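Number 438 in the numbering used here belongs to position 402 of the sequence shown; there are no gaps in the numbering. Inspection log for the structure reproduced underneath, given as structure tokens.
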Amino acid sequence: MRPVEPSSELVLPAESARDDGSRAESAPADDKPTDGGSDDRGLIAAAGPIGMRLMRPSGEVVGELGRDLIVTQPTWSRDGRRLAATLINPASGASHIAVVDIATGDIQTAAVLQPYFFYTWSYDGSRLLALGPSQAGGTAAFILDETGAPAADVTLQSQSMYVAWEPGGGRLLLHAGHRLSLVNDVDSPRDHTDYGPVGVDFLAPAWVPGTQDFLYVDSYGQAPADAAVEELLDRRSATSPQLLRRSADSGEITDLGPAGLFTTMAVHPSGDRAAISAASHEPPGSTSGSTGSDVLSQPERTAQAVSQTAIPAGSVQIVDLATAERRTVLDKIGLWLEWSPDGRQLLIAATTEDPGGIGMSWHIWDGQQSYELARFAPTETFLRDYLRFADQYDETPRLWSPDSNAITFGANTADGDVTAVARLDRAGAMRTLGASDVSFWSPIP
Numbered sequence: 037m038r039p040v041e042p043s044s045e046l047v048l049p050a051e052s053a054r055d056d057g058s059r060a061e062s063a064p065a066d067d068k069p070t071d072g073g074s075d076d077r078g079l080i081a082a083a084g085p086i087g088m089r090l091m092r093p094s095g096e097v098v099g100e101l102g103r104d105l106i107v108t109q110p111t112w113s114r115d116g117r118r119l120a121a122t123l124i125n126p127a128s129g130a131s132h133i134a135v136v137d138i139a140t141g142d143i144q145t146a147a148v149l150q151p152y153f154f155y156t157w158s159y160d161g162s163r164l165l166a167l168g169p170s171q172a173g174g175t176a177a178f179i180l181d182e183t184g185a186p187a188a189d190v191t192l193q194s195q196s197m198y199v200a201w202e203p204g205g206g207r208l209l210l211h212a213g214h215r216l217s218l219v220n221d222v223d224s225p226r227d228h229t230d231y232g233p234v235g236v237d238f239l240a241p242a243w244v245p246g247t248q249d250f251l252y253v254d255s256y257g258q259a260p261a262d263a264a265v266e267e268l269l270d271r272r273s274a275t276s277p278q279l280l281r282r283s284a285d286s287g288e289i290t291d292l293g294p295a296g297l298f299t300t301m302a303v304h305p306s307g308d309r310a311a312i313s314a315a316s317h318e319p320p321g322s323t324s325g326s327t328g329s330d331v332l333s334q335p336e337r338t339a340q341a342v343s344q345t346a347i348p349a350g351s352v353q354i355v356d357l358a359t360a361e362r363r364t365v366l367d368k369i370g371l372w373l374e375w376s377p378d379g380r381q382l383l384i385a386a387t388t389e390d391p392g393g394i395g396m397s398w399h400i401w402d403g404q405q406s407y408e409l410a411r412f413a414p415t416e417t418f419l420r421d422y423l424r425f426a427d428q429y430d431e432t433p434r435l436w437s438p439d440s441n442a443i444t445f446g447a448n449t450a451d452g453d454v455t456a457v458a459r460l461d462r463a464g465a466m467r468t469l470g471a472s473d474v475s476f477w478s479p480i481p
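Right, dumping it as structure tokens:
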């Protein structure tokens with residue numbers, strides 16, 4: 037194979053159209069399973085540490101990207117037709133964004149000053165939001181079109197930034213620093229609604245499908261937009277974090293009960309319930325007597341604790357979004373929550389008691405009970421870059437197969453870091469599909 041352009045440092049996927057119109061042969065699978073096992077629909081993107089493979093669930097490799105490059109953040113569009121990723125030249129450090137059209141194999145690339153570390157596609161696939169380092173420090177958000185080129189001349193910046201696209205719409209929620217905002221037109225980000233300070237920097241808001249409402253955690257007791265730092269600290273010490281539901285149109289707020297400084301949530305596709313994981317006490321290593329900026333930075337220390345073994349106690353609960361009633365489905369903190377495409381199962385990642393390392397287990401709640409699907413050790417990349425910020429990453433479907441019968445993920449095994457697949461009908465077992473740091477299933481076959 038040869039690069040599409042010398043400056044792009046990319047290799048065309050196998051079985052895709054080359055720039056001269058010819059076809060490339062399929063690359064052999066690294067570890068092709070023989071049992072026929074997993075869901076045979078959709079594609080799995082397996083990235084890292086060098087290059088990315090596009091595979092059928094059988095293990096057959098149908099495309100490769102950046103064979104000699106570091107490939108990070110592979111992110112499927114919500115219809116599975118495109119895939120965005122960051123490519124970094126390990127020798128020079130030069131970074132590109134690449135967007136692959138899965139049907140044609142065409143690759144659009146653009147150089148970026150700093151590597152993007154998160155992507156999320158709008159529901160119609162016309163816009164791609166990328167997060168990356170801000171030149172002023174902190175995080176910057178970039179609005180891109182479907183090819184990865186800039187679609188707006190405004191860059192949004194904050195110390196931290198979590199985002200959520202409106203289902204079926206084009207509005208974008210931003211939890212930037214301690215403040216919550218709604219961008220009404222992503223091509224003109226200056227047109228936005230400021231909801232004021234809500235606190236808890238490192239928590240993602242979540243839309244409620246089929247409504248104009250969204251969920252978020254407020255640790256400042258619904259403070260006014262112009263509240264001073266001293267008032268926020270007073271409110272923070274006098275109130276506990278609350279899970280709130282808010283209408284983007286009317287502004288009406290419904291209190292759904294207590295939350296925690298470490299809270300992950302995933303709204304069911306029907307919009308009638310949400311899964312939340314909340315810590316039952318302060319983050320490990322925190323001091324209840326902290327004041328000033330230390331109080332405002334505690335969520336960051338909690339996020340850092342996820343990459344260590346000191347995970348706070350807590351539980352996973354299902355919240356009825358109409359009545360606020362709750363049901364506990366797992367008596368452990370859930371470090372990843374993701375509903376299956378058919379809405380029948382909830383995927384939960386939790387720590388295990390395994391000695392000598394960071395042990396994890398996938399649990400499935402099937403609407404009646406929870407059971408352990410598979411135990412694994414996460415790859416360093418999956419643990420550091422994804423599980424720590426899972427409430428942001430599962431804003432886009434990631435791990436489930438399109439038919440809701442299996443999941444894929446990055447696991448560390450005796451053979452090194454691999455793409456793993458676990459089927460719901462084979463609890464306790466997992467297959468491997470070759471070396472990678474992380475792997476994600478396309479949403480639509």
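Cβ atoms here follow ideal geometry from the backbone N, Cα and C, with glycine treated the same way. No experiment lies behind these values; they were computed from the predicted model shown.
Where residue i and residue j are concerned, what is the direct C-alpha to C-alpha distance, given to the nearest angstrom?
| i | j | result |
| --- | --- | --- |
| G296 | R272 | 12 angstroms |
| E25 | S255 | Lying outside 37 to 481, the shown extent of the chain, residue 25 is not represented and no answer is given. |
| Q195 | W157 | 22 angstroms |
| P241 | I443 | 24 angstroms |
| R92 | R77 | 7 angstroms |
| D473 | L423 | 13 angstroms |
| M197 | H211 | 6 angstroms |
| D451 | I80 | 20 angstroms |
| R467 | V454 | 10 angstroms |
| I143 | L469 | 24 angstroms |
| Q278 | E431 | 20 angstroms |
| I384 | N448 | 18 angstroms |
| P377 | N441 | 10 angstroms |
| A177 | Q193 | 6 angstroms |
| D104 | I138 | 21 angstroms |
| D227 | V190 | 11 angstroms |
| Q405 | D461 | 15 angstroms |
| D421 | G293 | 30 angstroms |
| A471 | D181 | 31 angstroms |
| G213 | V234 | 9 angstroms |
| L46 | P305 | Note that L46 scores 28 on pLDDT, short of 50, meaning its location in the model is unreliable; the coordinates nonetheless yield the value given after this. Using only the alpha carbons, I get a separation of about 37 angstroms. |
| I133 | S113 | 15 angstroms |
| Q353 | T145 | 42 angstroms |
| E96 | W375 | 27 angstroms |
Mind checking residue i: buried by the 16 CB within 10 Å criterion, or exposed?
| i | result |
| --- | --- |
| A172 | exposed |
| S322 | For S322, the predicted structure reports a pLDDT of 43, less than 50, and the residue's modelled location is therefore unreliable. A value from the coordinates is still provided. It is buried - the Cβ of S322 has at least 16 other Cβ atoms within 10 Å. |
| P260 | exposed |
| T300 | buried |
| R309 | buried |
| R363 | exposed |
| D356 | exposed |
| Y407 | exposed |
| L167 | buried |
| G204 | exposed |
| Q428 | buried |
| V253 | buried |
| T359 | exposed |
Does the Cβ-Cβ distance between residue i and residue j come in under 7 angstroms?
| i | j | result |
| --- | --- | --- |
| D223 | A187 | yes |
| A127 | V107 | no |
| W398 | L409 | yes |
| G446 | F476 | no |
| I400 | S313 | no |
| V136 | L123 | no |
| L216 | T229 | no |
| L251 | R281 | yes |
| D285 | Q258 | no |
| Y155 | T183 | no |
| S311 | L373 | The sequence as given places Ala at residue 311; Ser does not occur at that position. Cβ atoms of A311 and L373: closer than 7 angstroms. |
Return the first residue and the last residue of the beta strand (DSSP E) that residue i is part of.
| i | result |
| --- | --- |
| A120 | R118 to I124 |
| G168 | R163 to P169 |
| H214 | No beta strand (DSSP E) contains H214, which DSSP labels as neither H nor E. |
| V441 | The displayed chain sequence assigns Asn, not Val, to residue 441. No beta strand (DSSP E) holds N441; DSSP gives it neither H nor E. |
| M466 | It is not in any beta strand (DSSP E) - M466 carries neither H nor E in the DSSP assignment. |
| L90 | M88 to M91 |
| L371 | Neither: L371 is in no beta strand (DSSP E) and is coded neither H nor E. |
| E389 | Unbroken run through E389: none, as it is neither H nor E. |
| A81 | I80 to A83 |
| L105 | It is not in any beta strand (DSSP E) - L105 carries neither H nor E in the DSSP assignment. |
| G204 | Segment: none, G204 is in no beta strand (DSSP E) and carries neither H nor E. |
| S131 | S131 to D137 |
| A315 | R309 to A315 |
| I354 | G350 to D356 |
Below 6 angstroms, is the gap between the Cβ of residue i and the nearest heavy atom of the ligand MG?
| i | result |
| --- | --- |
| G102 | No copy of the ligand MG appears in this structure; indeed no ligand is present at all. |
Of all the alpha helix (DSSP H) runs that stay within the bounds of the region 401–437, which reach a length of 4 or more residues? Taking 4 residues as the minimum length, the alpha helix (DSSP H) runs contained wholly in the region 401–437 are 426–429, in order along the chain.
Whole beta strand (DSSP E) elements within the region 221–306, 3-residue minimum: Those beta strand (DSSP E) runs which fall completely within the region 221–306 and span 3+ residues are 228–233, 249–254, 278–283, 289–294 and 299–303.
Could you name each continuous beta strand (DSSP E) segment of 3 residues or more that falls completely within the region 147–201, going from the start of the chain to the end? Taking only runs of at least 3 residues, the beta strand (DSSP E) segments lying wholly in the region 147–201 are 154–157, 163–169, 175–181, 192–194 and 197–201.
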